[in-house]
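Asks:
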Amino acid sequence: MKIRFWPALIILIVMAVTVRLGFWQRDRAHQKEQLNARIVAFENAPVQRVGATPIALKDIEFHRVLARGTFMPDRVVYLDNRPYNDQPGFYVVMPLKLDGGGVVLVNRGWLPRNLADRTGIEPYDTPAGEVEVEGIARANASQAFELGHGGSAAELKIRQNLDVAKYAAETGLPLQPFVIQQLNNSGDKLVRDWPAPTMGVDTNYGYMLQWWGMALAALGFGLYAARRAAKKDSTGQPAQETIDGKV
């Protein structure tokens, strides 16, 4: 059976690309599994105290942390479009002025929306004086899909998203480069049933199987086409260019 050059080349290229993409998705899944294992280890590690000394995000993200200070309710930001159990609401993000100096943002929890007034805020309590906040260090308070940046403009109390660095520049506060996702209950009527970090490992494995399935399909199609071409050649049909350039 003669091998036709151009069809064979195309099949080989398709197989090489899809097999490589399958391995890439597999590697991504393994990386996410390793990250998930790190997150579990960090959450079960000793609590780290947050003070005035800046801590790099890469050194603290997903760790359990403890901070002591006073909330700054005049600087609160409400993150819009954060549903909980299919009910619309906000995340309440408030700076905590640390007792040793410095400030850290705290995602205090979820607050249901006032359905009668879209910009109205349901009442909740903010502890007066010094408080202790225990939680998980996160890169941000939660990231929601946003078209443009108008919904997160400076000075708005209700925003779609909140970037820590931009908020520090906006307010002049000496913020730590992370947000504490509060876990301990301070009797403030806020919900702290936080969603677990989503790694999307199953999605990567699904794509891996899809790419490898496409490689097998390309191989099967190539073999089928080669057999059909061989039958045509054997019945006297004009032969096409082969891999050695002969006809």
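With the UniProt record's numbering, letter number 114 in the sequence shown gets 114, and the count goes up by one each step, no holes. Using N, Cα and C, we set each Cβ at its ideal position, and we do this for glycine too.
Just list the residues that DSSP pairs Asn161 with in beta bridges.
Replies: On the sequence shown, position 161 is the one that residue 161 refers to. Looking at the DSSP assignment, Asn161 forms no beta bridge with any residue, so it has no partner.
Asks: Smallest Cα separation from Arg38: which of Thr53, Phe62, Asp86 and Gln182?
Replies: Working through the sequence shown from its first residue, we reach residue 38 at position 38. Among Thr53, Phe62, Asp86 and Gln182, the Cα nearest to that of Arg38 is on Phe62.
Asks: Counting Cβ pairs closer than 8 Å, one from the stretch 106-115 and one from the stretch 80-90, do we hit at least three?
Replies: With a cut-off of 8 Å, the stretch 80-90 and the stretch 106-115 count as touching, because enough Cβ pairs lie within range.
Asks: Less than 8 Å between the beta carbons of Glu134 and Leu66, yes or no?
Replies: By one-based count along the sequence shown, residue 134 stands at place 134. By one-based count along the sequence shown, residue 66 stands at place 66. In contact: Glu134 and Leu66 (Cβ atoms closer than 8 Å).
Asks: Roughly how many whole angstroms lie between the Cα atoms of Gly245 and Phe221?
Replies: Residue 245 sits at position 245 when you count from the first residue of the sequence shown. Residue 221 sits at position 221 when you count from the first residue of the sequence shown. With a pLDDT of 47 at Gly245, under the threshold of 50, the modelled position of this residue cannot be trusted; read the value that follows with caution. Using only the alpha carbons, I get a separation of about 22 Å.
Asks: Do Leu175 and Val103 have their C-beta atoms within less than 8 Å of each other?
Replies: The sequence position of residue 175 within the sequence shown is 175, counting from 1. The sequence position of residue 103 within the sequence shown is 103, counting from 1. Going by C-beta atoms, Leu175 is nearer than 8 Å to Val103.
Asks: Return the chain-ordered list of same chain residues with a C-beta closer than 6 Å to the C-beta of Thr18, the five sequence neighbours on each side being excluded.
Replies: Here residue 18 is taken as the residue at index 18 of the sequence shown, counted from 1. Trp211, Met214 and Ala215.
Asks: Between the C-alpha atoms of Ala52 and Asp99, what's the straight-line distance to the nearest angstrom?
Replies: Walking along the sequence shown from the start, residue 52 turns up at place 52. Walking along the sequence shown from the start, residue 99 turns up at place 99. Cα to Cα, Ala52 sits roughly 8 Å from Asp99.
Asks: Enumerate in chain order the residues of its own chain whose CB-to-CB distance from Gly69 is below 6 Å, with the five nearest sequence positions on each side excluded.
Replies: As a position in the sequence shown, residue 69 is number 69, starting the count at 1. So the list reads Leu96, Lys97, Leu98 and Asp99, once near-sequence residues are dropped.
Asks: Using a 10 Å radius around the Cβ and a threshold of 16 neighbouring Cβ atoms, would you call Leu209 buried or exposed?
Replies: Reading the sequence shown from its first residue, position 209 is the one you call residue 209. So Leu209 ends up on the exposed side.
Asks: So does the stretch 184-191 actually touch the stretch 121-130, counting three or more Cβ pairs closer than 8 Å?
Replies: Yes, the stretch 184-191 is in contact with the stretch 121-130.
Asks: Could you tell me which whole alpha helix (DSSP H) segments of length 4 or greater appear in the stretch 113-145?
Replies: None, since the stretch 113-145 contains no complete alpha helix (DSSP H) of that length.
Asks: Please classify Asn161 as buried or exposed, where buried requires at least 16 neighbouring CB atoms within 10 angstroms.
Replies: The count along the sequence shown starts at 1 and reaches residue 161 at position 161. The residue in question, Asn161, is buried, as its Cβ has 16 or more Cβ neighbours within 10 Å.
Asks: Go ahead and label Leu105 buried or exposed: buried means 16 or more other beta carbons lie within 10 angstroms of its beta carbon, across all protein chains shown.
Replies: Here residue 105 refers to the residue found at position 105 of the sequence shown. The residue is buried, with at least 16 neighbouring Cβ atoms inside 10 Å.
Asks: Once you ignore the five residues that flank Asn140 on each side, which residues in its own chain have a CB closer than 8 Å to its CB?
Replies: Position 140 of the sequence shown, counted from the first residue, corresponds to residue 140. Taken in chain order, the residues that qualify are Asn161, Leu162, Asp163, Val164 and Val179.
Asks: Go ahead and pull the three-state DSSP assignment for Asn107.
Replies: Position 107 of the sequence shown, counted from the first residue, corresponds to residue 107. Looking at Asn107 - three-state DSSP - the assignment turns out to be strand.
Asks: Scan the stretch 9-62 and note each continuous beta strand (DSSP E) run of 3 residues or more that stays entirely inside, going in chain order.
Replies: 48-50, all fully within the stretch 9-62.
Asks: Return the CA-CA distance between Arg159 and Thr119, expressed in angstroms with no decimal places.
Replies: On the sequence shown, residue 159 is found 159 positions in, with the first residue counted as 1. On the sequence shown, residue 119 is found 119 positions in, with the first residue counted as 1. Arg159 and Thr119: Cα-Cα distance of roughly 11 Å.
Asks: For residue 271, which residues does DSSP report across the bridge?
Replies: Here the chain comprises residues numbered 1 to 247, so residue 271 is not present and cannot be evaluated.
Asks: Would you call Asp117 buried or exposed, if buried means 16 or more other Cβ atoms sit within 10 Å of its Cβ?
Replies: Position 117 of the sequence shown, counted from the first residue, corresponds to residue 117. So Asp117 ends up on the exposed side.
Asks: Starting from Gln87, follow the beta strand (DSSP E) in both directions and report where the run begins and ends.
Replies: The sequence position of residue 87 within the sequence shown is 87, counting from 1. Taken as a continuous stretch (DSSP letters only), Gln87 belongs to no beta strand (DSSP E), as it is neither H nor E.
Asks: Using CA coordinates, which residue listed in Lys166, Leu183 and Asp80 is at the minimum distance from Ile136?
Replies: The residue labelled residue 136 in the question sits at position 136 within the sequence shown. Nearest of Lys166, Leu183 and Asp80 to Ile136, Cα basis: Leu183.
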